[in-house]
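In UniProt numbering, the protein residues as written are 1 to 380.
Cβ atoms here follow ideal geometry from the backbone N, Cα and C, with glycine treated the same way.
Everything numeric in this text was worked out from a predicted model, so none of it was measured.
So the structure is just underneath, and the comments pick up after that.
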């Protein structure tokens, strides 16, 4: 028999190479989920049948306790899954809707405001020490296990990228300091051109280096590759977001009761949200033109408008991050993947225009390379 790797209800990857012998127990079909841990090379069965529960103590003799088998991040995933999958019985919870979970009922009645885990001070101090700048430089992909165990895969992958980036940028930083030193004595544009060429070559090598590191991390931590995400989505049905709302209807294929939201209403919501995005982009472009005119009027101390514009850019970026999340919430996406894709699309478009519009305008419309150089030096 072959099993699927699951992470507390979230299917991740097919493990067709892992053979599992079928048990002689009569209630094998009652095994509700399984968890394959590459870290311990073991399979844990979460079983509801009392006859199979006697197998767990024998299995845990090797590890001593559940806490040693599952790291804190995976324990939180299991706790979250149990909380959000517990159904509410209308007999004990009045006004409970069809297939409404207990958490949804409590939130709808305003009995529950938020659910969040508390930090473990011992683990937090140990993980925080790894996130200091001098320790990040010494991090390697395989030494981020403590961060992964406590904060989860995404945070660990984020700091793995930081470690890779900081370690690879040191040669370029040394070359940049040398270029700055030489330009202060020799007024030659050739020095800057050589540095730009070296920066382009470095970026190519860095991307290839990160692809290699990312592949190693994905293999070690059993990540699903982004290229396989489409196949994964076609094979497995992703869980519905708890924030998704609609009317209950009958699925014509399975006959089950499912949440249905009209397509035209969802399309209308998405259209309105993107119109708001365009309106915010126009405001950002208008602010850029205003600072450009201000910079042209103040010839002395001309760096003041540029520095003010850079400050406004970062304020707008912070504000738009919250606006993008709010707009995406109102688009009523059914799955978390759809929600994240639409949110990332808004952030990428806005950050591109917000950070580069002034540079593109100076370079291609005004062709004022002195202002372009001033803007670049003020930004970085």
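Pull up the distance between the alpha-carbon of residue i and that of residue j, whole angstroms please.
i	j	result
residue 178	residue 336	47 Å
residue 151	residue 166	21 Å
residue 345	residue 263	20 Å
residue 119	residue 220	26 Å
residue 304	residue 279	27 Å
residue 155	residue 147	7 Å
residue 102	residue 242	11 Å
residue 320	residue 351	9 Å
residue 11	residue 193	Any reading at residue 11 needs caution, since the residue's pLDDT is 33, under 50, leaving its predicted position unreliable; the model's value is listed next. So the two alpha carbons sit approximately 50 Å from each other.
residue 212	residue 339	29 Å
residue 96	residue 88	7 Å
residue 240	residue 333	9 Å
residue 93	residue 112	14 Å
residue 349	residue 125	37 Å
residue 197	residue 322	37 Å
residue 258	residue 79	25 Å
residue 266	residue 244	11 Å
residue 100	residue 252	21 Å
residue 361	residue 216	41 Å
residue 311	residue 222	41 Å
residue 357	residue 294	16 Å
residue 185	residue 203	28 Å
residue 318	residue 307	17 Å
residue 108	residue 341	27 Å
residue 367	residue 359	10 Å
residue 115	residue 121	19 Å
residue 162	residue 187	35 Å
residue 23	residue 254	Because the pLDDT of residue 23 is 37, which lies under 50, any placement of that residue in the model is unreliable, and the number read from its coordinates should be weighed accordingly. C-alpha separation (whole angstroms): 30 Å.
Taking DSSP's pairing of strands, which residues face residue i in a bridge?
i	result
residue 257	250
residue 87	101
residue 240	335
Assuming contact is defined by CB atoms lying nearer than 7 Å, are residue i and residue j in contact in what I supplied?
i	j	result
residue 353	residue 268	no
residue 381	residue 208	No statement about residue 381 is possible, as the shown extent of the chain runs from 1 to 380 and does not include it.
residue 388	residue 343	For residue 388 there is no data in the structure shown, the boundaries of the chain being 1 and 380.
residue 309	residue 289	no
residue 169	residue 182	no
From the options, pick the residue whose C-alpha is nearest to that of residue i; which is it?
i	options	result
residue 347	277, 110, 272 and 175	277
residue 195	172, 186, 184 and 212	172
residue 287	313, 265 and 365	313
residue 200	181, 189, 175 and 216	175
residue 328	365, 149, 294 and 275	275
residue 326	91, 270 and 72	270
residue 160	112, 184 and 218	218
residue 127	114, 144 and 115	144
residue 106	153, 253 and 86	86
Take residue i and list the residues in its own chain whose beta-carbon comes closer than 6 Å to its own, dropping the five residues that flank it on each side.
i	result
residue 260	246, 247 and 249
residue 110	none
residue 76	117
residue 83	103
residue 164	210 and 213
residue 157	none
residue 189	none
Can you list, in chain order, the residues of its chain whose CB lies under 7 Å from that of residue i, leaving out five sequence neighbours each side?
i	result
residue 316	284 and 354
residue 206	168
residue 149	71, 72 and 73
residue 365	none
residue 123	72 and 150
Are the C-beta atoms of residue i and some chain C residue less than 7 Å apart?
i	result
residue 314	Protein chain content of the structure displayed is limited to a single chain, and chain C is not contained in it.
Take residue i and list the residues in its own chain whose beta-carbon comes closer than 8 Å to its own, dropping the five residues that flank it on each side.
i	result
residue 256	250
residue 90	96
residue 180	none
Consider the C-beta atom of residue i and the heavy atoms of the ligand GTP; say whether any pair is separated by less than 6 Å.
i	result
residue 125	Among the ligands in the structure shown, none appear at all, so the ligand GTP cannot be discussed.
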